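**Q** To start, I am sharing the structure in question, which I have written as structure tokens.
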Amino acid sequence: MELSIGERLRYVRMQHDISQRKLAKRTGIANSTISLIESDSTNPSIGALKRILQGIPIGMTEFFALERPRAEIFYDASDTLEIGKGPLSLKRIGGSGAGRSLQMLRERYEPGADTGRVMLSHEGEEAGLVLSGSIEVTVGSERRLLHAGDSYHFDSRVPHRFRCQGPEACEIVSASTPPTF
Numbered sequence: 333m334e335l336s337i338g339e340r341l342r343y344v345r346m347q348h349d350i351s352q353r354k355l356a357k358r359t360g361i362a363n364s365t366i367s368l369i370e371s372d373s374t375n376p377s378i379g380a381l382k383r384i385l386q387g388i389p390i391g392m393t394e395f396f397a398l399e400r401p402r403a404e405i406f407y408d409a410s411d412t413l414e415i416g417k418g419p420l421s422l423k424r425i426g427g428s429g430a431g432r433s434l435q436m437l438r439e440r441y442e443p444g445a446d447t448g449r450v451m452l453s454h455e456g457e458e459a460g461l462v463l464s465g466s467i468e469v470t471v472g473s474e475r476r477l478l479h480a481g482d483s484y485h486f487d488s489r490v491p492h493r494f495r496c497q498g499p500e501a502c503e504i505v506s507a508s509t510p511p512t513f
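At the far end of the sequence shown sits residue 513, using this note's numbering, and the numbering has no gaps.
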């Protein structure tokens, strides 16, 4: 199956670890326009596409020669990518990463660990299931203590924060769109 221009652009941008905002700054093309192109809601002119690709940088020939990467379906435990260690450790699991629109993480919060005083906010959605321990989740002005078996799902543009409560570590399996790690 042939890749659309939007799929190609998203794939190449993510392969080069460039956010839509960063690409917009580099090229002078509005972030919203890049988003519309990547979602196949609009097609860019040749001139606009050339400017966008210069911001990555990749040539037109290379861009249009891209083939759909073979998507893995199954993953071994050894395919897990450790993102961070310490009181808060993150492991990217499954097919998360470049070219994917969903990211899954296995999160471990040691007692007292949190995501920081400054609340997080980014494009997309987040959902998670608490596997063990207790975690205080704050989303906007709402705060709730979740225990094993409890879950959450929210618009991640709303400022949010996670903090481990209790004497034992908390483990969560979470998913977010788009991938941020």
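Quick reminder that beta carbons are idealized off the backbone N, C-alpha and C, glycines included. What you are looking at is a predicted structure, and each value in this text was computed from that prediction instead of being measured.
Under the three-state reduction of DSSP, which class applies to Gly460: helix, strand or coil?
**A** strand
**Q** Ordered along the chain, which non-local residues of its own chain (more than five positions away) have a Cβ less than 7 angstroms from that of Ser508?
**A** Excluding residues within five positions, the ones whose Cβ falls inside 7 angstroms are Gln435, Gly456, Glu457, Glu458, Ser488.
**Q** Check each candidate in Glu394, Ile361, Met346 and name the one with the smallest Cα separation from Arg383.
**A** Ile361
**Q** Considering Cα atoms alone, identify which of Pro376, Ile504, Gln352, Ser410 is closest to Leu461.
**A** Ile504
**Q** Starting from the C-beta of Ala445, find all residues in its chain whose C-beta is less than 6 angstroms away, skip the five residues before and the five after it, and write them out in chain order.
**A** Pro419, Leu420, Cys496
**Q** Rounded to the nearest angstrom, how far is the Cβ of Phe494 from that of Tyr441, given a contact under 8 angstroms?
**A** 7 angstroms
**Q** Starting from the C-beta of Glu370, find all residues in its chain whose C-beta is less than 6 angstroms away, skip the five residues before and the five after it, and write them out in chain order.
**A** Gly338, Leu341, Arg342
**Q** Of the residues Ser506, Gly472, Glu439, which one's Cα is nearest the Cα of Met451?
**A** When only C-alpha atoms are compared, the closest one is Gly472.
**Q** For the beta strand (DSSP E) that Ser433 lies in, which residues bound it at each end?
**A** In this chain, Ser433 is not harboured by any beta strand (DSSP E), its DSSP state being neither H nor E.
**Q** At what residues does the alpha helix (DSSP H) containing Phe396 begin and finish?
**A** 392-397
**Q** Give me the Cβ distance between Pro491 and Pro443, rounded to the nearest whole Å; I'm assuming they're in contact under 8 angstroms.
**A** Not quite, the Cβ-Cβ distance comes to about 24 angstroms (not below 8 angstroms), so this is no contact.
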